[in-house]
Amino acid sequence: MMIDPLSDMLTRIRNAQAVRKVEVTIPFSKIKYSLAKILEQEGFVIRVEESTEDTRPVIRMVLKYDHREPAIRMIKRISKPGRRVYTKNTDLPRVLSGLGIAIVSTSNGLMTNKEARARKLGGEVICEVA
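By my numbering, the letter at position 65 of the sequence shown is numbered 758, and the numbering carries on one by one without gaps.
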């Protein structure tokens, strides 16, 4: 039994980029798929697709590199099972002065800190990506 599936997903991405893998597969869940789609929309990964592997649904992510350097330079879990971090829309974090993003779980689903601020929504800060 896995305690924190989102941390596992972020660690798989970090490990795959450390060894310059082109593709990483992650066990499927709706929240992980939403997080992966946000990474795709923000340009941190090339492609995200849902597929099956041995009858189990998985998420396949094609990682992005710029001149052999990973596009995701830093990906860090903020709200953990032992310590949840919630913020108001006025207190949402700015990652690297706006160069990175924070992914926030709001009442309207997962979104970036910039989108949540524009919609005036607060929520749980899932992770920071730069």
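We treat Cβ as the ideally placed atom computed from N, Cα and C, and that holds for glycine.
Residue i to residue j span [Cα, whole Å]
i	j	result
Leu732	Ile752	13 Å
Val734	Met694	This sequence places Gln at residue 734; Val is not what is there. Straight-line Cα distance between these residues: approximately 31 Å.
Leu728	Val797	10 Å
Arg770	Gln710	17 Å
Ser772	Thr748	32 Å
Ala811	Leu756	28 Å
Ser650	Asp784	Examination of residue 650 is not possible in this model, given that the chain is present from 694 through 823 alone.
His760	Thr780	36 Å
Closest Cα partner of residue i within the set the options
i	options	result
Val717	Ile724, Gly815, Ile739, Asn806	Ile739
Ile719	Gly736, Ile765, Ala711, Val741	Val741
Val788	Met754, Glu808, Glu821, Arg777	Glu821
Ala764	Arg749, Phe737, Gly802, Lys725	Phe737
Glu762	Arg707, Pro698, Lys723, Met702	Arg707
Arg634	Lys725, Tyr726, Gly816, Asp701	In the structure as shown, the chain begins at 694 and stops at 823. Residue 634 is therefore absent and cannot be evaluated.
Tyr758	Lys725, Leu703, Lys714, Ile771	Lys714
Leu703	Thr780, Met754, Tyr779	Met754
Rounded Cβ spacing between residue i and residue j (contact assumed at less than 8 Å)
i	j	result
Pro786	Val818	6 Å
Ala795	Asn782	Between Asn782 and Ala795 the Cβ distance is about 12 Å, and since that is not below 8 Å, they are no contact.
Met767	Ala809	No, Met767 and Ala809 are not in contact; Cβ-Cβ is about 20 Å, not under 8 Å.
Tyr726	Glu743	6 Å
Beta-carbon proximity list for residue i, same chain, < 7 Å, skipping 5 on both sides
i	result
Ser722	Pro698
Asp701	Met695
Residues of its chain near residue i, where Cβ-Cβ distance is below 8 Å and the 5 sequence neighbours each way are ignored
i	result
Leu814	Asn782, Val797, Thr799, Ser800, Asn801, Met804
Point to revise | beta strand (DSSP E) segments (min. 3 residues) lying fully within the region 737 to 772 | key: The qualifying runs are 738 to 746, 749 to 756, 768 to 770.
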